[in-house]
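Okay, so here's the structure we're looking at.
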Amino acid sequence: MEGTEDTPKIILDKDNNIFEISGRSLPEDSAEFYQPVIEWLDDYKKNSQGSSPMNFMFKLEYFNTASSKLILDILSKLEDIDGITVEWFFREDDEDMEEAGEEFSELVDIPFKFETY
Numbered sequence: 124m125e126g127t128e129d130t131p132k133i134i135l136d137k138d139n140n141i142f143e144i145s146g147r148s149l150p151e152d153s154a155e156f157y158q159p160v161i162e163w164l165d166d167y168k169k170n171s172q173g174s175s176p177m178n179f180m181f182k183l184e185y186f187n188t189a190s191s192k193l194i195l196d197i198l199s200k201l202e203d204i205d206g207i208t209v210e211w212f213f214r215e216d217d218e219d220m221e222e223a224g225e226e227f228s229e230l231v232d233i234p235f236k237f238e239t240y
C-alpha cells in the first residue's frame with residue numbers, strides 16, 4: 124500500500140523478504156486501515172512457518188494514539204512467527220519515536236534492533 128500524508132506505506136513482500144511500515148500513521152479509522160495487515164500476518168503465520176527469518180521494519184515518523192494500539196496488535200501477531208526480528212528506525216534527534224520503540228519492545232517477546240536514519 125502506498126503511503127499518503129495520513130497513512131503509512133506498507134510493504135508485505137514475502138517473496139523478497141521485505142516487510143515494512145513507514146511514514147506517518149494517522150488514518151481516520153486505524154482498525155479498518157490495519158485490518159488487512161493483521162489478516163495478512165495471520166495467513167503468513169499459517170503458511171510460511173519455517174521459511175527464512177523475517178525482519179519487520181518500522182520506519183515511522185509519527186503515529187497517533189489509535190495507531191499505537193494497532194502497532195501493538197501487529198507486534199503481538201509477530202510474536203507468533205518463528206525467526207522474527209523487529210527493526211525500529213527513528214531519526215537521530217527523535218527521542219519520542221526511540222522511546223516508543225523501547226516501550227513496544229518491552230511489551231512483546233521479540234528481538235528488537237534500534238537504528239537511526
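So for the sequence shown, the numbering used here puts the first residue at 124; every next one is plus one.
Using N, Cα and C, we set each Cβ at its ideal position, and we do this for glycine too.
Option nearest residue i by Cα separation, candidates the options
{"i": "E143", "options": "T188, F227, S191, E125", "result": "E125"}
{"i": "K192", "options": "T208, A223, I233, K182", "result": "A223"}
{"i": "F179", "options": "V209, F227, I204", "result": "V209"}
{"i": "A154", "options": "F212, G206, F213, D196", "result": "D196"}
{"i": "D129", "options": "G146, L198, E202", "result": "G146"}
{"i": "N170", "options": "S148, F227, I204", "result": "I204"}
{"i": "E221", "options": "S175, Y185, P159", "result": "Y185"}
{"i": "S175", "options": "Y240, D136, L230", "result": "D136"}
Local Cβ density within 10 Å of residue i, reported as buried at 16 or more and exposed below that
{"i": "I134", "result": "exposed"}
{"i": "K236", "result": "exposed"}
{"i": "K200", "result": "buried"}
{"i": "I273", "result": "In the structure as shown, the chain starts at 124 and stops at 240, and residue 273 therefore has no counterpart that could be examined."}
Residue i: first and last residue of the uninterrupted alpha helix (DSSP H) it sits in
{"i": "D219", "result": "218 to 230"}
{"i": "S171", "result": "153 to 171"}
{"i": "E125", "result": "Here E125 belongs to no alpha helix (DSSP H), and DSSP marks it neither H nor E."}
{"i": "L239", "result": "Before going on, a small fix: residue 239 reads as Thr here, not Leu. From DSSP, T239 is part of no alpha helix (DSSP H) but of the beta strand (DSSP E) over 235 to 239."}
{"i": "D196", "result": "188 to 202"}
Residue interval of the beta strand (DSSP E) (run including residue i)
{"i": "S145", "result": "141 to 148"}
{"i": "I207", "result": "207 to 213"}
{"i": "K121", "result": "The question about residue 121 has no answer, for the chain in this structure spans 124 to 240."}
Cβ shell of residue i (< 8 Å), same chain only, five flanking positions each side left out
{"i": "D216", "result": "none"}
{"i": "L198", "result": "V209, F227, L230, V231, I233"}
Contacts around residue i, its chain only, beta-carbon distance under 6 Å, and the 5 residues preceding and following it disregarded
{"i": "W211", "result": "F181, G224, F235, F237"}
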